[in-house]
Amino acid sequence: MANERNLSLKKETIIDTDVHLQVKPDEIAKWVDEPFKSIMTKGHIGNPLPDSGWDRSMAGKIEKRQITGPEDIHEKLCEEFHIDHPIINSFGKLGKASMSRLAVALMKGYNDLVLQKYLDDYPHFYGLITVAMQDPEAAAEEIYRMADEKQYIGVFIDNTGPNPPLGDPRYDVVYRAAEDKGLPVSYHAYDSGFIVDFPRQNAGVESFFAVHVLTHPYAHFLTMTSLFEHGVPEKFPDLKFIFLEGGVTWLPYMMYRLNKVHSIRRFDAPMLTKTPEEYIKDQFYISTQPVGEPNNQEDMRKIMEVIGFDRMMFSSDYPHFDFDHPEGLEKFLRVNIPAKDRKKVLSGNAKEVYGI
Amino acid sequence: MTDHIVAEVSEIEDGERILVELKGREVGVFYLDGEYYAFANWCAHQGGPWCEGTLTGTFEGEFNRETLETRLNWVKEGKILNCPWHGWEYDIKTGTCLSRRSVKLPSYPVRVEDGKIIVTL
Ligand code: FES
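Protein chains in written order, with numbering that gives the first Met the number 0: chain A, 0 to 355; chain B, 0 to 120.
Here it is as C-alpha cells:
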C-alpha cells in the first residue's frame, strides 16, 4: 500500500511553495559587512532579531528537523517527498529587526546566501527574494538587483511586524518593482512576530498552542484588509499576491466579509472598482498548509470548492512541526476532487503564478 | 404596460424626488440636471427603501503609477444615492451600484408631456 501511494506521488509533478531554511546569526553574519557582522555575532544575550521565546520543539516530543544546506532539501523533500521543485523562502525574522539599516544589510546578505548556497548548484530549486519592508526604497532596489536571476521567481514579505500594515502607500514602490519585474509577492507570518503584533495578548496566553493558532490568520487578515483599504490590487493589476502558511479555510470568511464591508463603506476604500472577491479570484493565491482538519473530510472538499482550485498551491512547510506531508494531501485530493483540479493544486497554479 | 401621470413638472425641483405608488409598487421619481429617472424603491442588497436615501457625492480614487501618487477626489456631489439601510451607493443616472458594478436597479421609462411627468410600468 505504501508503495502504491509513493508511486502516485512520484508520477505527479509537485511544486512545494513554502520551504524554510534555518539560518543562524553566525551564518548570516558571513554574508554582511561591518558593523552588521559584529552586531549579529557579538551580542551578549540572545539574537539581535527578537524571538518570542515560545517552545516550537514540542518539548522534544518529535523528531528534530532542520534544513541547513541544499542537500537537506534535496534528500528530504525532493527524494523522500517526491517534490520536483521546492520554492525556498523565508528570512522570517527580518520583519522584527529594530534597525532598518540592519534589516537592509541582512536582506541583501540573505538573498546572496540563498542564491549562492542553495540555487546555483541545484537548478530544480527556486527561491523568493526576501525584502525588508522597513525601508521600501531599498526593498524595491533589491527586487531590481535580484529579479534577473532566473531561479528567483517571486518576492517574499514577512507580514508580522511591518507597521503601518502592508497596503500603506509607502510600500507602493515595492509593489511597482515586483509588478515591473513580473514577480508575485508572497506574505508569510511568523509566530515570533506575535510579540510585535499582539504585545499584550502575547503576555496573556499560556502556550505556543494559542500563539500559533492566532498568528497566521491574524497577520493575513491584517495584510489582506490593508491591501484592499488602499486599493493595492487595483493600483497594480498585473501583480499577484500569495498568502503562505495560513491554510485555506480563512479565505472564504475574509473574502465575504471584505465584500460586505466594502459594499457598505466603499467610499473608505475608493481605489477599488470591483468587489474584493473579484480581485481575489483574479490576483490572489493561498498555499495549502496547514490544511485545516474538519472531523468530516467532506467539509474540506466543500470549502475548497468555494475557494476554487485555481487559487490554491501545495506547500509542505517542511520542517515545521505542523508540516503537511505531500502524501496526505495528494491522497485527499486524489480521493475527493477531479484529476485536473488536483494537478492545478500540486503544480499547475504555481507554474503559472511563478512562471516556472 | 400602462402610462401613469405621477406629477406636474413644477412639483419636482432639480435635485428633488417624489415617491408614488404604481400598481402596488413604490416608485421613486427623481429630477436631476434636467432629466427624470424612475426606479423601484427596492434596494438590491436587502430590499431597503433606497429611493428615500440621501443624495451626496462620493470618493473616487486616482493613481499615478509613475509618481506613485494616490488621490481621492470627492465627485458627483448630489448624484449618488445612499440606501438608508446600509449605505450601498448608487449612481442615480444609471441605477448602477458603485461597489457592485453588475448590480443595476430596475428603472422605468419616464417622459414629459404637456407639463406632466409620465411613468410607464
Ligand atoms: S438594503 Fe440597501 S443597503 Fe442594505
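The C-beta atom is built at its ideal place from N, Cα and C for all residues, glycine as well.
None of the values given here were measured: they were computed from a predicted structure.
>> Let me check you understand the geometry: is the CB of C42 (chain B) closer than 7 angstroms to at least one non-hydrogen atom of the ligand FES?
In response: yes
>> So, at 6 angstroms on beta carbons, what are the nonlocal neighbours of D113 (chain B) in its own chain, with the 5 sequence-adjacent residues on each side left out?
In response: none
> Of all the beta strand (DSSP E) runs that stay within the bounds of the segment 63 to 113 of chain A, which reach a length of 3 or more residues?
Replying inline: Counting only runs of 3 or more, we get 84 to 87.
> Can a CB atom of chain B be found closer than 8 angstroms to the CB of V173 (chain A)?
Replying inline: no
> If you measure from the beta carbon of T93 (chain B) to each beta carbon in chain A, is any gap under 8 angstroms?
Replying inline: no
> Taking DSSP as the reference, what is the three-state secondary structure of A1 (chain A)?
Replying inline: Because A1 (chain A) carries a pLDDT of 47, less than 50, the predicted location of this residue cannot be relied on, and the following value inherits that uncertainty. It is helical.
> Just checking, does the segment 297 to 316 of chain A make contact with the segment 206 to 223 of chain A on the three C-beta pairs under 8 angstroms criterion?
Replying inline: no
> Thinking just about the alpha-carbon of each residue, which of A:D120, A:P122, A:I87 is nearest to the one in P109 (chain A)?
Replying inline: According to the sequence as given, residue 109 (chain A) is Tyr; it is not Pro. Nearest of A:D120, A:P122, A:I87 to Y109 (chain A), Cα basis: A:I87.
>> Less than 7 angstroms separating the Cβ of G86 (chain B) from some heavy atom of the ligand FES?
In response: yes
>> Can you determine whether any heavy atom of the ligand FES sits closer than 7 angstroms to the C-beta of Q45 (chain B), and answer yes or no?
In response: yes
>> For the segment 72 to 88 of chain B, list every residue whose C-beta sits within 7 angstroms of some C-beta in chain A, in sequence order.
In response: H85, G86, W87, E88
> Can you list the residues of chain A that F62 (chain B) reaches, using a CB-CB cut of under 7 angstroms?
Replying inline: Near F62 (chain B) (Cβ distances below 7 angstroms), the residues of chain A are K234, M270.
>> Please tell me whether, using a cut-off of 7 angstroms, the distance from the CB of C82 (chain B) to the nearest non-hydrogen atom of the ligand FES is below it.
In response: yes
> In three-state DSSP terms, what is K103 (chain B)?
Replying inline: K103 (chain B) falls in the strand class under three-state DSSP.
> Between the C-alpha atoms of H229 (chain A) and V334 (chain A), what's the straight-line distance to the nearest angstrom?
Replying inline: 41 angstroms
> Any contact of the segment 69 to 86 of chain B with the segment 40 to 58 of chain B, i.e. 3+ C-beta pairs under 8 angstroms?
Replying inline: They touch, by the three-pair rule.
> Taking the alpha-carbon positions, what's the Y125 (chain A) to F313 (chain A) distance?
Replying inline: 15 angstroms
> Excluding the five sequence neighbours on either side, which residues of its own chain have a C-beta within less than 8 angstroms of the C-beta of G123 (chain B), listed in chain order?
Replying inline: There is simply no residue 123 (chain B) to check, as chain B begins at 0 and stops at 120 in what is shown.
>> Within a Cβ cutoff of 6 angstroms, which residues of the same chain sit near R70 (chain B), ignoring the five residues on either side of it in sequence?
In response: Take R70 (chain B), set aside five residues on each side of it, and the residues of its chain with a beta-carbon closer than 6 angstroms to its own are E61, in chain order.
>> Any beta carbon of chain B sitting closer than 8 angstroms to that of E140 (chain A)?
In response: no
> How would you write the range of the beta strand (DSSP E) that E15 (chain B) sits in, first residue to last?
Replying inline: Where E15 (chain B) is concerned, the enclosing beta strand (DSSP E) stretches over 15 to 21.
>> Considering only heavy atoms of the ligand FES, does any lie closer than 7 angstroms to the CB of W49 (chain B)?
In response: Distances taken from the Cβ of W49 (chain B) to the heavy atoms of the ligand FES include one shorter than 7 angstroms.
> Near P232 (chain A), which residues of its chain fall below 6 angstroms by C-beta distance, leaving aside the five closest residues on each side in sequence?
Replying inline: These residues qualify, in order along the chain: Y278, Q282.
> Does the beta carbon of R99 (chain B) sit closer than 8 angstroms to a beta carbon anywhere in chain A?
Replying inline: The Cβ of R99 (chain B) sits closer than 8 angstroms to at least one Cβ of chain A.
> What is the C-beta distance between V28 (chain B) and N40 (chain B), in whole angstroms, given that I count them as a contact (C-beta under 8 angstroms)?
Replying inline: Incorrect: roughly 10 angstroms between the Cβ atoms, too far for contact.
> F90 (chain A) and L101 (chain A): beta carbons closer than 8 angstroms?
Replying inline: no
> Roughly how many whole angstroms lie between the Cα atoms of L226 (chain A) and Y170 (chain A)?
Replying inline: 10 angstroms
>> For L18 (chain B), would you say it is in contact with chain A, using Cβ-to-Cβ distances shorter than 8 angstroms as the test?
In response: no
>> Quick check: A218 (chain A) and G246 (chain A), are their CB atoms within less than 8 angstroms of each other?
In response: no
> Thinking C-alpha only, which one of A:I285, A:L118, A:D15 is nearest T248 (chain A)?
Replying inline: A:I285
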